[in-house]
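Take a look at the structure below.
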């Protein structure tokens with residue numbers, strides 16, 4: 001089983017709709033990262049969260065880290081076709097510098 | 001400009017041959033990572049290094065080897081022992097501390113025929 005579980009694995013939404021992607025671990029997340037990827041390309045950094053309860057926003061994307069630092073969510077408001085891609089959460093779950101990733105969520109936005 | 005560079009972008013090799021993927025960074029980062037990505041899947045950690053001359057196995061190290069002789073460089077060798085080497089390989093680097101951003105290269109797509 002994955003140390004970082006992402007859900008859903010794939011998502012198809014109509015343009016303009018809101019959506020949420022979740023990232024869950026049974027371990028404490030020492031630094032939680034969200035990246036976006038077009039398949040076959042490198043990763044684009046979105047946001048990084050550290051403290052329990054922390055929330056950050058950039059344009060129409062908001063990421064939160066829960067108080068227990070075991071779950072994070074990525075919320076996109078009023079989705080656009082440019083939001084399509086693979087969203088990956090990453091974290092150090094052992095506080096040793098070992099950076100691991102979830103299995104990714106593939107997002108399609110229909111015009 | 002500072003960044004992390006992987007080369008080549010596409011690589012073809014015959015089965016049974018070892019192949020080395022290059023990863024260079026000029027960000028002065030201490031930590032470097034190698035990941036493998038298969039279609040429809042996330043990133044799986046192969047090896048990582050937090051300091052020169054030291055590295056640790058990730059979750060799927062079998063059939064791979066690395067070296068970290070210089071801070072800037074972290075080459076990955078895919079050996080003939082790797083049963084299914086065809087994949088997309090990504091290298092990343094990160095500064096000190098658990099919450100500094102990790103920068104990724106553009107990846108190398110390895111095809112073994």
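Residue numbers (the working numbering), protein chains in the order written: chain A, 1 to 111; chain B, 1 to 113.
Just so it is clear, CB atoms sit at the ideal spot from N, CA and C, and this is done for glycine as well.
Check                                                                                                                    : Outcome
Straight-line gap, residue 76 of chain A to residue 110 of chain B (C-alpha atoms, nearest Å)                            : 33 Å
Chain B residues whose Cβ lies nearer than 8 Å to that of residue 41 of chain A                                          : 106, 107
Beta carbon proximity, residue 74 of chain A to chain B, threshold 8 Å                                                   : no
Per-residue DSSP class, three states only, for residue 25 of chain A                                                     : coil
Buried versus exposed call for residue 83 of chain B [16 or more other C-beta atoms within 10 Å across all chains shown] : exposed
is_contact[residue 127 of chain B, chain A] using C-beta, thresh 8 Å                                                     : This structure leaves residue 127 of chain B out entirely; chain B is present only between 1 and 113.
Residue-chain proximity (residue 53 of chain A, chain B), Cβ-Cβ < 8 Å                                                    : no
Cβ pair residue 49 of chain A, residue 35 of chain A closer than 8 Å                                                     : no
Coarse secondary structure for residue 82 of chain A, derived from DSSP in three states                                  : helix
Partner residues on chain A for residue 31 of chain B, Cβ-Cβ distance less than 9 Å                                      : 97, 99
Check whether residue 131 of chain B and residue 79 of chain B have beta carbons under 8 Å apart                         : As displayed, chain B neither begins before 1 nor continues past 113, which places residue 131 of chain B out of reach and without an answer.
Interface residues of chain A facing residue 41 of chain B [CB-CB closer than 8 Å]                                       : 103, 104
Interface flag, residue 88 of chain B vs chain A, CB-CB below 8 Å                                                        : yes
Nearest-angstrom Cβ-Cβ length linking residue 46 of chain B and residue 25 of chain B, presumed shorter than 8 Å         : Residue 46 of chain B to residue 25 of chain B, Cβ: 17 Å. No contact.
Neighbour-count burial assignment, residue 78 of chain A, 16 or more Cβ in a 10 Å radius                                 : exposed
Start-end ranges of the beta strand (DSSP E) lying completely within the segment 39-108 of chain A, minimum 3 residues   : 43-49, 55-58, 61-65, 71-76, 85-92, 99-101
C-alpha distance - residue 106 of chain B paired with residue 48 of chain B, whole-angstrom precision                    : 18 Å
Test: residue 102 of chain B CB closer than 8 Å to a CB of chain A                                                       : yes
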